[in-house]
Amino acid sequence: MLGSLVLIWLFICLFFLFIKIQRPKNFPPGPRPVPIFGNLFQLNLSNPLKDFERLAERYGNVYSLYIGGRPAVVLTGLKALKEALVIKAADFSGRPQNLLISDITEQKGIALVDYGPLWKEHRRFALMTLKNFGMGKQSMEDRILGEIEHLVARLEKSAGDVMNPGTLFHDVTSNVISLVLFGIRYDYGDEQLKQFVSRFTETTKILNGPWGMLYDTLPVLRALPLPFKKALTNFQELKETTANMISKHKASRVPEEPESFVDCYLDERDKRGNTESSFSKDQLVRIIMDLHLAGTETTSNTLLTAFLYLITHTDIQEKCQQEIDEVLKCKADASFEDRHKMPYTQAVIHESQRIARTLPLSVPHCTINDTELMGYSIPKGTLIIPNLSSVLSEEGQWKFPHEFNPENFLNEQGQFEKPEAFMPFSAGPRMCLGEGLARMELFLILVTLLRRFQFFWPEDAGEPDFTPVYGATLTPKPYRMGVRLRESAREM
C-alpha cells in the first residue's frame with residue numbers, strides 16, 4: 000500500500016516537472032496552471048468570488064483559468080457578458096459536459112441540456128405554457144394570491160412574536176411552483192415537501208462547493224466514495240419522487256382539459272403519438288425538476304434578502320408601506336398591474352434582487368463554435384463562466400454599486416428605471432425560464448405582506464450580518480425577524 004502511494008506521488012511529481020499546459024494561440028490571459036490540478040490552488044473552493052475579482056483586476060475582464068486540464072474563460076462586467084450572451088449568443092449558448100452538474104442531469108431537461116433541437120423545442124413549449132398560465136381563472140396571479148393567503152394566515156399566528164423566515168419563504172415559493180406544475184400545494188411543514196427541498200438544497204451545495212470543483216478537476220477521484228456521491232444519490236431519489244408524482248397525477252387528470260404544466264405536457268405528448276418525438280416521461284421528469292429548482296431557490300433567497308434589508312432599514316420599509324397604502328386603498332388584493340403605480344416599491348424589489356446576487360456565477364456556458372470575444376480567440380468546447388455578480392455591482396453602472404439603495408432604480412423624477420446592467424436572471428437565449436413567475440411572486444408577496452404587517456429586527460438579535468453564504472446560490476445567513484400586525488390591517 001505504501002509503495003503504491005509513493006509511486007503515485009512520484010508519477011505526479013514527474014508530471015509537474017515535464018508537462019506544461021499550453022494555452023491556445025491568442026487565448027485570454029490568466030494565472031499559470033499546473034499539470035493535473037490546473038488553477039485549483041489559486042481559488043478558495045468554498046467561495047471563489049473574491050478570487051475572481053482579484054484575477055479580473057490583474058488580467059482584465061476576460062481571462063482564463065484551467066479546471067484541471069480543461070480551459071475555462073471567466074467573463075467580468077457588462078461589456079464582456081453582453082457580447083458573449085447576447086450579441087454572440089449563437090456561439091456561447093452551449094452547456095459544458097463531463098462536469099458533475101452535467102453528469103447528474105444526463106442531458107435531459109431544459110436548464111442544463113446542450114444547445115440543439117431538443118433544447119429549442121422544449122424551451123419554446125415551456126415558455127408558451129407558462130405564458131398561457133398568465134390568463135384565465137386559474138392564472139398564475141390567482142395561484143400566487145391563493146398561496147399568499149396561507150402565508151398571511153401563518154404570519155398572523157406569529158404576530159407579536161419573532162420567527163425564522165428561511166423555511167417559510169422556501170415553502171411558499173415551492174408551493175407556488177407546485178401549483179403551476181401539478182395544480183397541488185402542501186401544508187407548511189409537510190414531510191414530503193421538506194424531504195424534496197432538503198435534497199435539492201444539499202445537492203446544489205455540493206454542485207457548487209469544493210467537492211463539485213474536485214470532481215470537475217480530478218476525474219480520477221470519481222470512483223472513490225467521496226461526498227459528491229451524495230449529490231448523485233440525491234438526484235436519483237428526486238427523479239424517482241418526481242416520476243411517482245407524475246404517475247399519480249396522470250391517473251387523475253382529464254385529457255385535453257389542462258390545469259397544470261404536467262397536463263399540458265402530457266396532452267402534447269399524446270398529440271404527437273408514438274413517433275420519434277422528444278416528448279417523453281424521462282424528459283418531463285427532468286423539466287419538472289428544472290422548473291421546481293428555478294422557481295424555488297432563487298425567489299426564496301431574494302425574499303430573504305429583501306426582508307433582511309427591510310427590517311434593518313425601517314425608513315425604506317415605511318416608504319414602501321406608504322406607497323402601497325396609497326395605491327391599493329380599499330382594494331381587497333394587490334394585482335401585478337399595480338406595479339406600474341408603485342415605482343418606489345418596484346425599485347426596492349429590484350434592488351433586493353441586485354444586492355442578493357442570488358445566482359452569482361450563473362449556470363456554466365460552453366462555446367459551440369470557434370469564436371472571438373473582445374479580441375481573444377475562444378476555441379469550440381471552452382467552458383464559459385459568466386460572473387453575473389460582477390455586473391450587479393459594477394462601478395459606473397450603478398449610482399450606489401456597493402450598498403442597498405433603491406435609488407439605483409429611480410430616475411431624477413422618482414420614476415422606476417431599470418439599468419442595462421440588471422441581469423440577475425442572466426441574458427440571451429439561456430435566460431432563466433422562471434423570470435416572469437419570479438417577478439410576479441416577488442411583487443405580490445412583498446406588497447401583500449408589507450400592507451398587513453410591520454417587520455422589525457429583534458432587540459436581542461445583536462448586529463445584523465449582511466455577508467451571504469456561498470453555494471449554488473447566495474443566501475443570507477439565518478436570521479430572526481419580528482412580526483406585528485399593522486393598525487390599518489386590523490380593519491381589513
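Each residue of the sequence shown is one higher than the one before, counting from 0 in numbering that gives the first Met the number 0. Where is the CB? At the ideal position from N, CA and C, for every residue including glycine. Quantities reported herein were computed from a predicted structural model and do not represent experimental measurements.
Problem set entry | Euclidean distance between Cα positions of PHE415 and ARG69 | If you number the sequence shown from 1, residue 415 lands on position 416. If you number the sequence shown from 1, residue 69 lands on position 70. Looking at the two C-alpha atoms, the distance is approximately 43 Å.
Exercise. To the nearest angstrom, how far is it from the Cα of ASN38 to the Cα of THR311?
Worked result: The residue given as residue 38 occupies position 39 in the sequence shown. The residue given as residue 311 occupies position 312 in the sequence shown. The straight-line gap from Cα to Cα measures roughly 40 Å.
Problem set entry | Span separating the alpha-carbon of LYS136 from that of ILE183 | Locating residue 136 in the sequence shown gives position 137, where the first residue counts as 1. Locating residue 183 in the sequence shown gives position 184, where the first residue counts as 1. A caution first: LYS136 carries a pLDDT of 48, below 50, which makes its placement in the model unreliable, though a value can still be read off. Taking the straight line joining both Cα atoms gives about 16 Å.
For this session: State the DSSP-derived secondary structure class of TYR375, mapped to helix, strand or coil.
Result: As a working note, residue 375 is residue 376 in the sequence shown. Of the three classes helix, strand and coil, the one that applies to TYR375 here is strand, per DSSP.
For this session: Would you decide whether MET127 is buried or exposed? Buried here means 16 or more other CB atoms lie within 10 Å of its CB.
Result: The residue given as residue 127 occupies position 128 in the sequence shown. MET127 comes out exposed.
Problem set entry | Residues near VAL482 by beta carbon distance below 7 Å, same chain, minus five either side | As a first step, residue 482 is located in the sequence shown; it is residue number 483 there, counting from the start. Shown here for VAL482: same chain residues with a beta carbon closer than 7 Å to its own, the five before and five after excluded, namely LEU154, SER157, ALA158, ASP160, MET162, PHE452 and PHE454 in chain order.
Exercise. Does the segment 318-338 touch the segment 466-474, meaning 3 or more C-beta pairs lie closer than 8 Å?
Worked result: Output reads no: the segment 318-338 does not touch the segment 466-474.
Problem set entry | Buried/exposed call for LEU42, threshold 16 Cβ in 10 Å | Position 43 of the sequence shown holds residue 42. With 16 or more other Cβ atoms within 10 Å, it is buried.
For this session: For PHE168, collect the residues of the same chain with a Cβ closer than 7 Å to its Cβ; drop the 5 residues on either side in sequence, then sort them by chain order.
Result: Start at 1 with the first residue of the sequence shown, and residue 168 comes out as number 169. Cβ within range, chain order: SER299, LEU302 and LEU303.
Problem set entry | Cβ neighbours of MET439 in the same chain (closer than 7 Å, five flanking residues each side left out) | By 1-based counting over the sequence shown, the position of residue 439 is 440. So the qualifying residues of the chain are MET139, GLU140, ILE143 and PHE335.
For this session: In the DSSP assignment, find the beta strand (DSSP E) that holds GLY481 and state where it starts and stops.
Result: Position 482 of the sequence shown, counting from 1, holds the residue named residue 481. Counted as a single uninterrupted DSSP element, the beta strand (DSSP E) harbouring GLY481 occupies residues 480-484.
Exercise. For the candidate residues ALA293, VAL253, THR240 and ARG268, whose alpha-carbon lies nearest to that of MET430?
Worked result: Counting from one through the sequence shown, the residue named residue 430 turns up at place 431. Comparing Cα positions, the closest option is ALA293.
For this session: With 8 Å as the threshold, decide whether the Cβ of LEU387 is near any Cβ in chain B.
Result: You won't find chain B in this structure, because it holds only one protein chain.
Exercise. How would you label PHE493, buried or exposed, when you count the other beta carbons within 10 angstroms and need 16 or more for buried?
Worked result: Because residue 493 is not part of the residues shown, which for the chain are 0 to 491, the question remains open.
For this session: Please classify LEU13: is it buried, with 16 or more other beta-carbons within 10 angstroms of its beta-carbon, or exposed?
Result: Your numbering for residue 13 matches position 14 in the sequence shown. Reliability of the predicted coordinates at LEU13 is poor, the pLDDT of 47 falling under 50, and no value is obtained from them.
Exercise. Which stretch, first to last residue, makes up the beta strand (DSSP E) that contains ASP160?
Worked result: Taking the first residue of the sequence shown as position 1, residue 160 is located at position 161. From DSSP, the beta strand (DSSP E) with ASP160 extends over 160-162.
Exercise. In whole angstroms, what separates the C-alpha of SER392 from that of GLY470?
Worked result: For the purposes of this step, residue 392 is taken as the residue at position 393 of the sequence shown. For the purposes of this step, residue 470 is taken as the residue at position 471 of the sequence shown. Rounded to whole angstroms, SER392 to GLY470 spans 19 Å at the Cα level.
Exercise. What's the call for ILE384, buried or exposed, on a 16-neighbour Cβ count within 10 Å?
Worked result: Indexing the sequence shown from 1 puts residue 384 at position 385. The residue is buried, with at least 16 neighbouring Cβ atoms inside 10 Å.
Exercise. In terms of residues, what are the limits of the alpha helix (DSSP H) holding SER157?
Worked result: To locate residue 157, count along the sequence shown from 1; it is residue 158. Run containing SER157: 139-157, per the alpha helix (DSSP H) assignment.
Exercise. Under the DSSP definition of a beta bridge, which residues are partnered with TRP397?
Worked result: Sequence index remark: in the sequence shown, residue 397 carries index 398 (1-based). According to DSSP, TRP397 bridges with GLU394.
For this session: Have a look at ASP269 and ARG122 and give me their C-alpha separation to the nearest angstrom.
Result: Position 270 of the sequence shown holds residue 269. Position 123 of the sequence shown holds residue 122. Going by the C-alpha atoms only, they are around 19 Å apart.
Exercise. If you drop the 5 nearest sequence neighbours on each side, which residues of the same chain put their C-beta closer than 6 Å to that of ARG353?
Worked result: By 1-based counting over the sequence shown, the position of residue 353 is 354. Cβ neighbours of ARG353 beyond the five flanking positions: LEU391.
Problem set entry | Residues near GLU434 in its chain [Cβ-Cβ closer than 8 Å; skip 5 each side] | Locating residue 434 in the sequence shown gives position 435, where the first residue counts as 1. Here the set comprises PHE424.
Exercise. Is there contact here, the segment 337-356 with the segment 370-379, by at least three beta-carbon pairs under 8 Å?
Worked result: no
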